[in-house]
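Residue numbers (UniProt numbering): 1 to 239.
Contents: one structure, followed by commentary.
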């Protein structure tokens, strides 16, 4: 790993620890009266837990001091925040290219990241059994049409793949699901059936990309704080 990536890795770990300590500190002492009134843990019926000093349900239980607090990620899958943040580190090396190309072709960079993750898991040297190459797995013929001279060059591959995705979105009137299906199965078939083709690989691919897309949106730091809100009663929401 290069010194630059090692530095980013250290910074991301420190940030995770900082966020966790900050949230724990808020839960324990962050509002007047919170510690003295007692802290309760209340489930909301959706798999989430709320830490509060004003229990509103018989299912609430007393939070015991010294018990380990873990912050699960913000979906029902239960991965830790640090694990989700660790998965995001793979994008750091290509963030600049992704953001630039996404802006150039009017795309959400998180959608581009989701496609790259599903296609190559951020391995710019990836080659599929069918011959698709690079980060966004461009077929040689498609790469030539997009004027991508070197599909293993991250900038060229992301530019070509993002431009192709923009073309597909325009073709299907902004329908992300159909555009993703066309990215995997080809636009001709999707235009013919006007839905996700009944091809197991394509169905799974679309679901996977949409799941990654949702996950990248939830992983934003601003969203972490937004979901850990504190109201005037001293309620802290931690999922």
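Think of the CB as a built atom: it goes at the ideal place given N, C-alpha and C, for glycine as much as any other residue.
Beta-carbon spacing of residue i, residue j below 8 Å
| i | j | result |
| --- | --- | --- |
| residue 254 | residue 157 | Because the chain is modelled from 1 through 239, residue 254 falls outside the range shown and cannot be assessed. |
| residue 166 | residue 106 | yes |
| residue 205 | residue 114 | no |
| residue 185 | residue 197 | yes |
| residue 154 | residue 135 | yes |
| residue 160 | residue 143 | yes |
| residue 102 | residue 95 | no |
Secondary structure of residue i, DSSP reduced to three states
| i | result |
| --- | --- |
| residue 130 | coil |
| residue 216 | helix |
| residue 124 | coil |
| residue 150 | coil |
| residue 45 | coil |
Extent of the continuous alpha helix (DSSP H) run through residue i
| i | result |
| --- | --- |
| residue 241 | Given that the chain is displayed from residue 1 to residue 239, the structure contains no residue 241 and the question cannot be resolved. |
| residue 140 | 140-145 |
| residue 100 | 95-104 |
Cα-Cα separation between residue i and residue j, rounded to whole angstroms
| i | j | result |
| --- | --- | --- |
| residue 171 | residue 93 | 31 Å |
| residue 195 | residue 203 | 10 Å |
| residue 127 | residue 173 | 30 Å |
| residue 191 | residue 125 | 31 Å |
| residue 141 | residue 217 | 32 Å |
| residue 129 | residue 149 | 21 Å |
| residue 43 | residue 62 | 12 Å |
| residue 210 | residue 176 | 9 Å |
| residue 131 | residue 151 | 11 Å |
| residue 97 | residue 57 | 49 Å |
| residue 183 | residue 45 | 38 Å |
| residue 121 | residue 189 | 26 Å |
| residue 99 | residue 60 | 44 Å |
| residue 214 | residue 116 | 14 Å |
| residue 133 | residue 123 | 10 Å |
| residue 147 | residue 207 | 29 Å |
| residue 111 | residue 90 | 15 Å |
| residue 193 | residue 104 | 30 Å |
| residue 201 | residue 187 | 15 Å |
*Curious, which full-length beta strand (DSSP E) runs of at least 3 residues does the segment 169-207 contain?*
Qualifying beta strand (DSSP E) stretches: none in this window.
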